[in-house]
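A.B. asks: Residue numbers (my numbering): 7 to 523.
Backbone N, C-alpha and C fix where the C-beta goes; we use that ideal spot for every residue, glycine too.
The model shown is predicted, which means the values in this text are computed figures rather than measured ones.
I'd like to ask you about the structure that follows.
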């Protein structure tokens, strides 16, 4: 039946307005009593979370960092200086001084589905934390109904006449949370949201690093293809010259076959390099959030990338606040600590209060009259007595979970320090390697020039010329790879130091529709 209460009648409006005033007047002291009682539940069982502190000897290397690395002749051969107690800039990829590289990183951060997924996970966690906070507030529900009934006995006389009982009420309920189980649950959900924030920071950092290092690899492959094509051209010229000499009777057939095999061997390297270049470009397209057919990648040359010469090195004590993975591990430890508090609180009594104010009447128009008012107060206490040991087992499981999270945090911190130490050492050795490769290229180039002159004079055999050419080719490719490695390891150091993704910067950009945790 319809229980809308005929809101189009003036009399009903008067009753409704009167009932609202009466209900509010009666509920005010009830609400006040609930709030005052709630303030008594100020304690929360379980351990209080504290951010772990580093050991005094925590550092990147046992020996002191050098003032700067070695230098080498040629592009990307400058010495790199270590600036201790400095911070990595927020957009560290701009230090490589290439507009195309900057455009790629910005496009990846804006369009990557990996970023979109991490953003959605963050919003989900923040919303769940907001939902958990609702447990701190009283619940307020309103109900309105009409029941058609027939009692066999009414007012001491037999009666089978059906009647309609109208009722309307407002109910308030509140869990006192005397031992902090609700609050620990909220703390755990907030920690999950923080973990998602740091996961998002880490997604930004790893994506930017992947775009930079993959772009460096692309540039290196282009340079290797170009150098190999030049070498193939040199071998082809030698083959043509020897073939003409053979036709003139000045060369043996063995020389022709040897020169031809050198052309084929050098040429066979090109398909492998081109295949790697294609795979690199499709990988870049994926990072940029584009299909391979949609990606618009301008050619990136190795010579167009600038080597950052001033390398900021953060203090070890700051690393744990800069690395997203370390902050994420700390948030997981925080969550595990709060979950232990929830499991502990579940073993204590649970007290809840309730209050209701309503009206019952046989006539809808009489619902809110003074004689129809009904109210009630309730208190409920639940004390677990025997649960088959499940509550104690859950607490032990939570304790083990906290121990695991603490061990995982320490493992993450140790890994972070290892990454920085390895990257710092790599930059030193990369500089030495490039210097050695540059010297080798210069030496093989001089040797090749001298051997060619001797071959023209007839003082050396063709095999010596081909061998000198091969050595020069290997040295030239070694220089290209050493240059690319030095650039990539510089990017790796910026990543190992946290990449400038502080706790506030990444969240401000990464969460377009933030919800307060």
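Any contact between the segment 128 to 148 and the segment 234 to 249? By contact I mean 3 or more CB pairs, one from each, below 8 Å.
C.D. replies: At 8 Å Cβ cutoff, the stretches do not touch.
A.B. asks: Could you spell out where the alpha helix (DSSP H) holding residue 423 opens and where it closes?
C.D. replies: 396 to 463 is the extent of the alpha helix (DSSP H) around residue 423.
A.B. asks: Provide the residue(s) that pair with residue 180 in DSSP beta bridges, ordered along the chain.
C.D. replies: Beta-bridge pairing links residue 180 to 359.
A.B. asks: Which term fits residue 524, buried or exposed, when burial requires 16 or more other beta carbons within 10 angstroms of its beta carbon?
C.D. replies: A query on residue 524 cannot be resolved here, the shown segment of the chain reaching from 7 to 523 and no further.
A.B. asks: At a cut of 8 Å, does the segment 101 to 113 reach the segment 306 to 314 through at least three beta carbon pairs?
C.D. replies: Short answer: they touch.
A.B. asks: Where does residue 316 fall in DSSP's three states?
C.D. replies: Three-state DSSP puts residue 316 in a strand.
A.B. asks: Just to confirm, are residue 524 and residue 472 a CB contact at a threshold of 8 Å?
C.D. replies: Here the chain covers residues 7 to 523 and nothing more, so residue 524 does not appear.
A.B. asks: Measuring alpha carbon to alpha carbon, tell me which residue in 382, 455 and 286 is nearest residue 360.
C.D. replies: It is 382 whose Cα lies nearest to the Cα of residue 360.
A.B. asks: Counting pairs of beta carbons, one from the segment 336 to 356 and one from the segment 198 to 211, are three or more of them closer than 8 Å?
C.D. replies: The segment 336 to 356 is in contact with the segment 198 to 211.
A.B. asks: Taking only runs that begin and end inside the segment 270 to 344, name each unbroken alpha helix (DSSP H) of 4 or more residues, in chain order.
C.D. replies: Here the runs fully enclosed are 322 to 328.
A.B. asks: Where do the N-terminal and C-terminal ends of the beta strand (DSSP E) with residue 499 fall, by residue?
C.D. replies: Note, residue 499: premise wrong, no beta strand (DSSP E); alpha helix (DSSP H) at 468 to 502.
A.B. asks: Terminal residues of the continuous alpha helix (DSSP H) containing residue 138?
C.D. replies: Its alpha helix (DSSP H) spans residues 119 to 139.
A.B. asks: If you reduce the DSSP assignment to three classes, tell me which class residue 97 lands in.
C.D. replies: The answer is coil: DSSP assigns residue 97 none of H, G, I, E or B.
A.B. asks: For the 8 Å Cβ check, are there 3 or more pairs between the segment 112 to 124 and the segment 282 to 301?
C.D. replies: These segments touch.
A.B. asks: Would residue 111 and residue 214 qualify as a contact pair, given that the criterion is a beta-carbon distance under 8 Å?
C.D. replies: Yes, Cβ-Cβ distance for residue 111 and residue 214 is below 8 Å.
A.B. asks: Would you mind sorting residue 153 into buried or exposed? The rule is 16 or more other CB atoms within 10 Å of its CB.
C.D. replies: Counting Cβ neighbours within 10 Å, residue 153 comes out exposed, since fewer than 16 surround it.
A.B. asks: With a 10 Å radius around its C-beta and 16 neighbouring C-beta atoms as the bar for buried, classify residue 195 as buried or exposed.
C.D. replies: Buried, since its Cβ has 16 or more Cβ neighbours within 10 Å.
A.B. asks: Could you check where the beta strand (DSSP E) with residue 88 kicks off and where it finishes?
C.D. replies: Counting along the chain, the beta strand (DSSP E) containing residue 88 begins and ends at 87 to 90.
A.B. asks: May I ask you to report which of helix, strand or coil DSSP gives residue 46?
C.D. replies: Because residue 46 carries a pLDDT of 47, less than 50, the predicted location of this residue cannot be relied on, and no value is offered for it.
A.B. asks: Starting from the Cα of residue 2, find the closest Cα among 223, 273, 324 and 330 and give me that residue.
C.D. replies: An answer regarding residue 2 cannot be provided, because it is not within the stretch 7 to 523 covered by the chain.
A.B. asks: Between residue 147 and the rest of its own chain, which residues show a CB-CB distance below 6 Å, the 5 nearest in sequence each way excluded?
C.D. replies: Hits under 6 Å: 177.
A.B. asks: Measure the Cβ-Cβ separation of residue 218 and residue 505 and say whether it is below 8 Å.
C.D. replies: No, they are not a contact pair.
A.B. asks: Are the CB atoms of residue 411 and residue 446 within a distance shorter than 8 Å?
C.D. replies: Against a cut-off of 8 Å, the Cβ pair of residue 411 and residue 446 comes out as no contact.
A.B. asks: When we look at the beta-carbon of residue 131 and count the other beta-carbons within 10 Å, is it buried (16 or more) or exposed?
C.D. replies: Label assigned to residue 131: buried.
A.B. asks: Any idea if residue 320 is buried or exposed, counting beta-carbon neighbours within 10 angstroms, 16 or more meaning buried?
C.D. replies: Its Cβ being crowded by 16 or more others within 10 Å, residue 320 is buried.
A.B. asks: Do residue 475 and residue 241 have their C-beta atoms closer together than 8 Å?
C.D. replies: The answer is yes: Cβ separation under 8 Å.
A.B. asks: Apart from the five residues just before and just after residue 28, which ones in its own chain have a Cβ nearer than 6 Å to its Cβ?
C.D. replies: Low per-residue confidence applies at residue 28: pLDDT is 46, beneath 50, and the placement is therefore not dependable enough to give any value.
A.B. asks: Should residue 503 and residue 426 be called a contact, given that it needs their Cβ atoms to be closer than 8 Å?
C.D. replies: Contact flag set, yes.
A.B. asks: Tell me whether residue 147 sits in a helix, a strand or coil according to DSSP, three-state version.
C.D. replies: Three-state result, residue 147: strand.
A.B. asks: In whole angstroms, what is the alpha-carbon distance linking residue 123 and residue 149?
C.D. replies: Near 40 Å, if we compare the C-alpha coordinates of residue 149 and residue 123.
A.B. asks: Considering only the beta carbon of each residue, do residue 495 and residue 414 sit closer than 8 Å?
C.D. replies: No, they are not a contact pair.
A.B. asks: Please name the residue in 331, 403, 330 and 318 whose C-alpha comes closest to that of residue 350.
C.D. replies: Nearest C-alpha to residue 350: 403.
A.B. asks: If you drop the 5 nearest sequence neighbours on each side, which residues of the same chain put their C-beta closer than 7 Å to that of residue 187?
C.D. replies: 348, 351 and 352.
A.B. asks: Quick one: what does DSSP say residue 258 is sitting in, helix, strand or coil?
C.D. replies: Residue 258: coil per DSSP, three-state reduction.
A.B. asks: Around the Cβ of residue 98, are there at least 16 other Cβ atoms within 10 angstroms (buried) or fewer (exposed)?
C.D. replies: It counts as buried.
A.B. asks: If you drop the 5 nearest sequence neighbours on each side, which residues of the same chain put their C-beta closer than 6 Å to that of residue 20?
C.D. replies: Note that residue 20 has pLDDT 37, beneath the 50 cutoff, so the model's placement of it is unreliable and no number is given.
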